[in-house]
Amino acid sequence: LMLALDSMGPLDREVLALRHFEELSNSETAKVLELSEQAASLRYVRALGRLKQVLQRIPGFSEGFQ
2 LMLALDSMGP LDREVLALRH FEELSNSETA KVLELSEQAA SLRYVRALGR
52 LKQVLQRIPG FSEGFQ
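Residue 2 is where the sequence shown starts when you use our numbering, and the numbers rise one by one after that.
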């Protein structure tokens with residue numbers, strides 16, 4: 002997972018880290034990143050999509066990953 006995250010852009014990593022590792026809400030994430038809540042939400046959804054694409058390219062990792 003860390004290799005996949007390292008291959009992503011810094012903003013994608015930060016959004017995912019704030020939401021998942023720091024367990025911040027979308028509102029809290031928006032404040033940290035100085036974004037609107039809508040922009041933070043959109044960045045999060047896009048970052049998740051990119052992470053999914055990266056993980057699906059790893060042999061054996063994508064089994065059962067929806």
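For every residue, glycine included, the Cβ atom is placed at its ideal position computed from N, Cα and C.
Note that the structure is predicted; figures quoted are calculated from it, not measured.
Asked	Found
The ligand ADP heavy atom lying under 7 Å from the CB of Q39	With respect to the ligand ADP, the structure offers nothing, as it holds no ligand at all.
Within 8 Å, strictly: CB atoms of L19 and L25	yes
E29 (DSSP reduced to helix, strand or coil)	helix
Exposure of L17, with buried meaning 16 or more beta-carbon neighbours within 10 Å	buried
Contact under 8 Å by Cβ, A5 with L52	yes
Contact check, S8 vs V46, beta carbons under 8 Å	no
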